[in-house]
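Chains as they are written, first to last, in this note's numbering: chain A, 8 to 445; chain B, 110 to 964; chain C, 26 to 181.
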Ligand SMILES: Cc1cc2nc3c(=O)[nH]c(=O)nc-3n(C[C@H](O)[C@H](O)[C@H](O)COP(=O)(O)O)c2cc1C
Ligand code: SF4
Ligand code: FES
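Below, the structure is given as structure tokens:
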């Protein structure tokens, strides 16, 4: 039997336009918030979320309730909630679906989280390129304000919270939470050293929780249906459902929702995304966004949950699956990845600013047939600096490129030995590229 | 007089690396709340919680290399050079930003830490041009040093290096971006300390570069400090560039000659070529910290000028020429002076000396006139017209004013400045104020026109020019009400029939603004009050000081020793000149003068009327400086015998009968007393240029020729004498009660024309500036600021210059429309010796007419 | 060229009012300046500096950090084609070539008639629609040469 989706976040979602406030409320929307505000203390909300087992969907998979618990209760400073809607990890296009088609689920999630940490400002930091989606969100926020679901005395209670949609303007690094906060402060989006973590010293140096869109969008149903219900989904350590955008060489790319650990990577690709194109085979799969180490075709029977993917030597990351078929030249692919990270490095810290460019130079040389026998060793040495940078962007390029070299060493060695690039396998008949040939 | 050797430790010392130049000593715990103990490289250390690993290591004498960290700046931890290993921590941690944790075991030199350092060094060098042979930083470059100490010799990099375009940042600083390691010290300094973020990181990632807005030249007052801060050769001194290698230089401690704060500096000279080549700050936490302003740093090349006069000049056939062979100029001067004294009495001779000379010179100058010539006609106040001998500053000393602005500002939480455009007058004090503001202090400012603090001050009041007294009268009135201290009996007379609204209206400030200011002052804790020269030196100066002191009293800023008001001075030894008694009515230590004499204005009047026959002017271009230029010109023209001693031949020198060339500040050993009364010693760096003499040598030669029994006095010997004699014997605080002051009540009649306001400007064009190429290039063009209304009424067009005209003369300059200038006023800031702006204020004039050029 | 103060004073005030910190307004104000001035002119940057209390250099540094902000004038249509992994392996390189040839300009350039500016961008966050692009912020996915031709032809 073919594996199938388990829809919670995407439940009954009509993917033609945004769900408006009325229909959102008809389907139980804002009941979770009402329950929190009327029945739960903020601490109780935090407990519920801890019990639900919800983990951050932004990449690191950190338990959400635990993160909230780090916010110092005694701090006299204001607290802030920030929704990370910067979705920029290549391959990832899941948060946009939530914001585009169910914006109120994100807004309700923000309010629940803000209430739990006693914040009176919630920011939704959305990447600049999502201009149409930002408008949808902004309209939904206005709807919420008009219905007293945001602003002062929400739902007639004592609780007040402003919601501000803040647009980024083209910088992947602003998805990194501390870079996001500096950007939100109106500066260059330079990440900051940690500790202190944002929960202690974040926006305007005040305690701040940063959560991914998907993480926050899980909250309404957890609050409405109870932590136990949510915890019943998924595995022991990976609870609930996860959005998985599948892209690359598959026949039916798209965003799917699966129950964590109950379906394997291979099933997702084969059953949900309908496998690769006729006449092609899977060469490798990126399981969790471009920063996650690549898995080879024989590693795909791994259940899709945090622990299993990690055990396979990669990470679940953002859950974005990119499928590469046998047409892909791994040297070229590594170069493409490296260029992206070099372009997105904020440039403040030495290893990343200098390292990303050096890596591009080397990979480019190898790709162009100017490779040098020492190159792989040089890369390896360069990668020793992986953990010396301020933020994880440098790791985010080291990890996948290292994996590519480890998994496909002969491709790199041949490229170096060959001296000239081999384009023969790109653009074969059947690939979209071939259409161009005519 | 305080012990000069107590304040500043003065000894030449090895030049510290910029990165280490200013370290606030990390605190070892004694009584504070939370000590933490950790082990660094096997040694145990206990420090205050929050101390970083780098600082704790410093206490143990363990040096951790770093580029981006600087103790005076915020921490970004971006260079990653200071990474150290902490037991149980999976990653290396940046020691500059990581606080020591209790019980931590830290290794700064473990293999892992060393390896990481090597790697960062290698990464920093891959794009570095390695052009050390032509780099000015060579020899004191942190990149060179760390490459030796922490780098490896294997570079695996085999690709082209990244290069950037080279901008022109103006006359002071050269930016070579290819050498930049993006530590952002310069950016942070300008933003956090100088308060003007003129440099920023532009672009992103590997393309990141340091730049100014649209690559425009730097304009701030403190940009030079970025040179010291730059650990590599990216920002270098354009003035010093290519003139010498650092090891050829000899550094000696000195004191900056440009303003009354007296920043501590090091003078770098090369004896072989008799050149002063560079000035860098010498850290003194009590005065300038590790910083100096650009004027102080780059304003020295006049001492190397070819235009310096190298022999005495004597007027023959209306022209100054070297003396005829065999002529003894000193003998000649003394003979003339003796003849005048014999014929007209000693009162026919007068001496004016610049308040920028050393205490020793000032002291001997007054002693020479009083004791040798027998004339009391001496003064040092040559940049203002004062009819009375006593001025607000002297009065403030009599009432026991604290007069320690530099010290007070450092700890104040509320700073109130009245009547000073501080950034242009005492730039370093301005820097200190900005630092206080960063730490949460409040700035309150009242000034007569659009001063520099408009954006920074929590409250800013602009009163009409000359209306300080009115302003203060209302402010005091409101303050007393706010403070609820009860109206002082001694002031009831003063405030009889006082209509606060009318007086506020007269000085041009809204009652509400005054009320807010009064409230802020009333609620201020730990306040300091600063009174600028514009306020205390005006016609109402003494009244202003009295009212100001009353304010301090109402605020509780007084005790039996002093009154918490601080008057500001402008020149590098203004305070010394007062304490040395270079005044017509006061001798050393403010003792009554013997004999008494005339002040500058009276001297010039007397000379212009032919009653005073001879003038000796030391170290100042009187004609360019004196506001009543016509009077100064008349006086010098009419006098029988004028002796001028200075470095260059200027307008005043041309009016002299004898010109004596003197040594420059770097060639003189001596002491200076700063605005806070701190006496600081300057060493002689170069011997006086041949043919010139120090003022001390000159005065002694003159005295000896007069037959005075003066021993050959060295500066230290003079210092010993003056120390005994010139300590102001102050009465204990005599401010037993509020001091009555007078409020003028006359309503000024509307007068023809516009009111001319002058004020200081840091980068103007005085004689020394003109002869210092870098400063000259940096100097701002002389402009007239006009209100938009007046520009409209006068129908001026921005393309053309305007002619500003008064009965005393006219100048043609461009104008700028400035919404902060009150209508009815023309503001011309700065001294422009080449333009002679003071023509306009001749004969006490303050009214001008403006016409568009060409009309 | 209108200034922000002339064209959008209300909006600027609203932005400054809404955010808890004046500096935070810089990015929204850059958007506003972009809208009112068509690109981020030096005058606009200086105006933003004055509004936010940042220095002009800092504002330029901020604008330069974010790739979307136009520090130079752009054509009427700004074509941004995604070149990141999902699009790349789905044929973006050839589509890029096609655009170059069709418009006769290189990436980063503007056609001489000022109609088109061509840029390639990193991931647009629309990977399931790869290969994709945006024109003036409007998204287009599942591109082919034909589709690109149709889209460009439909623009006036
Ligand atoms: C280089 C980098 C890029 C990131 N980009 C994103 C992103 O686009 N969206 C996101 O939600 N989290 C991103 N993250 C993760 C965030 O830093 C942060 O962990 C997350 O927003 C926390 O939310 P969560 O706990 O709900 O997952 C990124 C992290 C790194 C290191
Ligand atoms: S790792 Fe890269 S992106 Fe992160 S702070 Fe350093 S330079 Fe910036
Ligand atoms: S000195 Fe610590 S990272 Fe630069």
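Ideal Cβ positions, reconstructed from N, Cα and C, are used throughout, including at glycine.
Item	Value
Quick check: the Cα distance between residue 408/A and residue 357/A, rounded to an integer number of angstroms?	19 Å
Nearest chain B C-beta to residue 98/C closer than 8 Å, yes or no?	no
Just curious, the beta strand (DSSP E) that residue 352/B is in, first and last residue?	No beta strand (DSSP E) contains residue 352/B, which DSSP labels as neither H nor E.
Could you check what DSSP says for residue 197/A in three-state terms: helix, strand or coil?	coil
Run the proximity test for residue 203/B: is its beta-carbon closer than 7 Å to any non-hydrogen atom belonging to ligand 3?	yes
Can you tell me where the alpha helix (DSSP H) with residue 295/A in it begins and where it stops?	Taken as a continuous stretch (DSSP letters only), residue 295/A belongs to no alpha helix (DSSP H), as it is neither H nor E.
Answer yes or no: does any C-beta atom of chain C fall closer than 8 Å to that of residue 307/B?	yes
My output table needs one value for residue 134/C: the three-state DSSP class, helix, strand or coil.	coil
Based on the DSSP secondary-structure assignment, which residues constitute the bridge partners of residue 965/B?	With chain B represented from 110 up to 964, any question about residue 965/B goes unanswered, as that position is not in the structure.
What runs of the beta strand (DSSP E), each 3 residues or longer, lie entirely inside the segment 335–414 of chain B?	344–346, 359–364, 373–379, 384–390
Since residue 780/B is in the beta strand (DSSP E), which residue starts that stretch and which ends it?	779–782
DSSP three-state label for residue 314/A, please.	helix
By alpha-carbon positions, which one of 255/A, 248/A, 260/A, 192/A ends up nearest to residue 269/A?	248/A
Cβ of residue 255/B less than 8 Å from any chain A Cβ?	no
Would you list, in sequence order, the uninterrupted alpha helix (DSSP H) runs of no fewer than 4 residues that lie entirely inside the segment 240–310 of chain B?	251–259, 294–297
Anything in chain B within Cβ reach of residue 81/C, meaning under 7 Å, just list it in chain order.	322
I'd like to check one pair, residue 86/A with residue 202/A: are the Cβ atoms closer than 8 Å?	no
List, from N- to C-terminal side, the alpha helix (DSSP H) runs of 4 residues or more that fit wholly inside the segment 344–409 of chain A.	357–374, 382–390
Tell me whether residue 400/A counts as near ligand 2, meaning its Cβ is closer than 7 Å to at least one heavy atom of that ligand.	yes
Would the beta-carbon of residue 423/B fall within 8 Å of that of residue 751/B?	no
Under the rule that 16 or more other beta-carbon atoms within 10 Å means buried, what is residue 875/B, buried or exposed?	buried
For residue 268/B, go through chain A and note every residue whose CB falls closer than 7 Å to its CB, in chain order.	368
Determine the contact status of residue 331/A and residue 371/A, defining contact as a CB-CB distance below 8 Å.	no
Could you check whether the Cβ of residue 289/A sits closer than 8 Å to any Cβ belonging to chain B?	no
Thinking just about the alpha-carbon of each residue, which of 37/A, 138/A, 77/A is nearest to the one in residue 447/A?	No answer is possible for residue 447/A: it lies beyond the span of chain A, which begins at 8 and ends at 445.
Can you tell which of 547/B, 580/B, 575/B, 578/B has its C-alpha closest to the C-alpha of residue 566/B?	547/B
Return no unless some Cβ of chain C is closer than 8 Å to the Cβ of residue 5/A.	Since the first residue shown for chain A is 8 and the last is 445, residue 5/A is missing from the structure and cannot be characterised.
For the segment 227–252 of chain B, which residues have a beta carbon sitting closer than 8 Å to at least one beta carbon of chain A?	228, 229, 232, 233, 235, 236
Does the distance from the C-beta atom of residue 639/B to that of residue 502/B stay below 8 Å?	no
Would you decide whether residue 248/B is buried or exposed? Buried here means 16 or more other CB atoms lie within 10 Å of its CB.	exposed
I want to check one thing, is the minimum distance from the CB of residue 189/B to the heavy atoms of ligand 3 below 7 Å?	yes
At 9 Å on the CB atoms, spell out the chain C contacts of residue 313/B, in chain order.	89, 90, 91, 92
Need the endpoints of the alpha helix (DSSP H) that residue 732/B sits in, please.	731–734
Do the segment 610–630 of chain B and the segment 486–503 of chain B meet, that is, are 3 or more Cβ pairs less than 8 Å apart?	no
Is residue 512/B close to ligand 2? I mean its beta-carbon at under 7 Å from any heavy atom of the ligand.	no
Out of 58/A, 279/A, 344/A, state which residue places its alpha-carbon closest to the alpha-carbon of residue 236/A.	58/A
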